[in-house]
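Below is one structure, written out as structure tokens, with a few remarks after it.
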């Protein structure tokens with residue numbers, strides 16, 4: 377029996393009551409990337425890149441250039457003050473090439489095909505006007521696609537994630553290891569850079585799947601084994617960690633469940649996102665909210681979906697969106713739990729410390745802990761059913777709605793029904809006014 381939360385047909389707090397289905401892809405759509413306020417690109421296993429209008433769902437361009445699936449995509453805006461701002465995107469493919477595209481004209485600007493392995497991640501360092509490609513090695517490129525420098529061979533498996541850190545440093549996830557590199561300007565006065573390895577961090581017990589920035593001072597990593605580590609972004613020391621997401625005894629507010637042996641997929645940290653206050657983790661089928669100041673999980677939904685959660689984002693209004701292999705997209709709201717003053721401390725808390733029965737001292741300590749830490753919960757406020765296969769990721773466009781992409785080859789634009797209805801009425805009113813059908817008295 378599934379213990380996944382369900383929601384009634386009404387869904388009064390879910391604004392997304394209209395949808396547009398965008399067709400074009402012939403295979404799994406894995407990536408969506410925002411280009412500007414109302415345009416985005418999609419890419420996936422068919423090797424084609426599509427550019428779309430997020431308001432109307434209109435297909436703007438179809439970009440052909442890769443012969444295999446696309447493995448990474450990144451927006452790359454020009455920062456040249458003398459010219460009009462150009463919106464470019466970089467795409468990497470299993471055909472071992474990287475292409476730069478112009479999003480305004482839909483044209484291929486340049487292609488690089490000197491890679492020894494598939495590029496699995498792309499990161500643009502806007503401030504330094506360079507971009508990085510991560511495969512079996514790390515390469516640094518300028519805007520003209522000149523290779524400025526590269527590391528020696530790091531891994532056959534490939535760099536799985538890259539993150540820009542302060543002081544011209546980069547964190548690269550290579551299997552279980554996190555490698556810190558520094559970019560150093562060449563001494564010969566040229567535009568060149570050198571890339572130096574400065575530290576290797578081997579605190580993770582399993583492959584690192586997610587690597588995100590929290591703020592200027594810290595970043596966070598998540599592994600296949602359910603480990604979350606928060607790092608200092610300046611000296612790369614470990615600030616705090618959480619490795620017991622799936623252990624109900626550590627989170628006593630969760631209903632105890634019969635302990636089954638945990639399969640790796642149950643505990644895998646698939647995706648992380650963060651605001652200044654919390655890290656939001658997609659772990660197995662669940663969602664966890666980890667407070668950085670308290671250094672503890674303050675809310676969770678252990679079975680948020682029927683299958684693994686693939687992507688998670690926080691919205692501005694205390695809401696979260698998650699999407700899953702089960703084909704659903706869900707909207708959650710972080711709410712404070714109203715705890716009664718005389719509410720007993722859950723017994724799981726004491727079992728965790730090995731106490732058979734709560735003694736007075738422990739009871740007081742636990743009560744104090746309860747007072748100091750408001751407990752939150754994730755309330756399901758929307759369930760978007762439209763895809764027939766795994767939803768890989770999504771983009772949130774504010775008023776324009778939400779774009780989701782899936783293994784069913786489709787992209788869906790989810791729209792605020794009330795807003796769309798108002799816009800249609802307004803457009804009709806304006807059209808009638810133009811035609812002179814409205815008499816102004």
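Numbering (this note's numbering), first residue to last: 377 to 817. Just so you know, even glycine gets a beta-carbon here, dropped at the ideal spot from N, CA and C.
In angstroms with no decimal places, state the Cα-to-Cα distance between residue i and residue j.
i	j	result
residue 447	residue 425	12 Å
residue 526	residue 569	9 Å
residue 518	residue 504	9 Å
residue 810	residue 593	56 Å
residue 437	residue 798	29 Å
residue 621	residue 462	43 Å
residue 608	residue 793	43 Å
residue 676	residue 577	29 Å
residue 657	residue 753	14 Å
residue 787	residue 758	19 Å
residue 747	residue 442	Because the pLDDT of residue 747 is 49, which lies under 50, any placement of that residue in the model is unreliable, and the number read from its coordinates should be weighed accordingly. C-alpha separation (whole angstroms): 57 Å.
residue 637	residue 600	Reliability of the predicted coordinates at residue 637 is poor, the pLDDT of 40 falling under 50, and the value obtained from them is presented with this limitation in mind. Whole-angstrom Cα-Cα distance: 16 Å.
residue 397	residue 765	14 Å
residue 380	residue 683	10 Å
residue 539	residue 509	11 Å
residue 768	residue 781	6 Å
residue 789	residue 604	32 Å
Buried or exposed, going by whether 16 or more other CB atoms sit within 10 Å of the CB of residue i?
i	result
residue 572	exposed
residue 687	buried
residue 432	exposed
residue 719	With a pLDDT of only 49 at residue 719, under 50, the local geometry of the prediction cannot be trusted, and the value read off the model is given with reservation. Counting Cβ neighbours within 10 Å, residue 719 comes out exposed, since fewer than 16 surround it.
residue 529	exposed
residue 805	exposed
residue 483	exposed
residue 791	buried
residue 391	buried
residue 652	exposed
residue 414	exposed
residue 423	buried
How far does the alpha helix (DSSP H) with residue i in it reach, from first residue to last?
i	result
residue 796	793 to 810
Out of the options, which has the shortest C-alpha to C-alpha gap to residue i?
i	options	result
residue 761	755, 681, 691	681
residue 585	549, 523, 619, 559	549
residue 712	542, 417, 665, 474	665
residue 702	597, 692, 662	662
residue 493	708, 577, 409, 515	515
residue 498	689, 535, 388	535
residue 521	466, 581, 512, 683	466
residue 405	784, 709, 691	784
residue 691	700, 709, 679, 704	709
If you follow the beta strand (DSSP E) that residue i is part of, which residue opens it and which one closes it?
i	result
residue 432	Note, residue 432: premise wrong, no beta strand (DSSP E); not H, not E.
residue 408	405 to 412
residue 673	672 to 677
residue 570	569 to 577
residue 708	704 to 712
residue 444	Premise fails: residue 444 is in no beta strand (DSSP E) and is neither H nor E.
residue 502	Element bounds for residue 502: n/a, residue is neither H nor E.
residue 563	Unbroken run through residue 563: none, as it is neither H nor E.
Which residue or residues does DSSP assign as beta-bridge partners of residue i?
i	result
residue 777	Bridge partners of residue 777: none, in fact.
residue 511	Paired residue(s): none; residue 511 is not in a bridge.
residue 519	For residue 519, which the question treats as bridged, DSSP gives no partner whatsoever.
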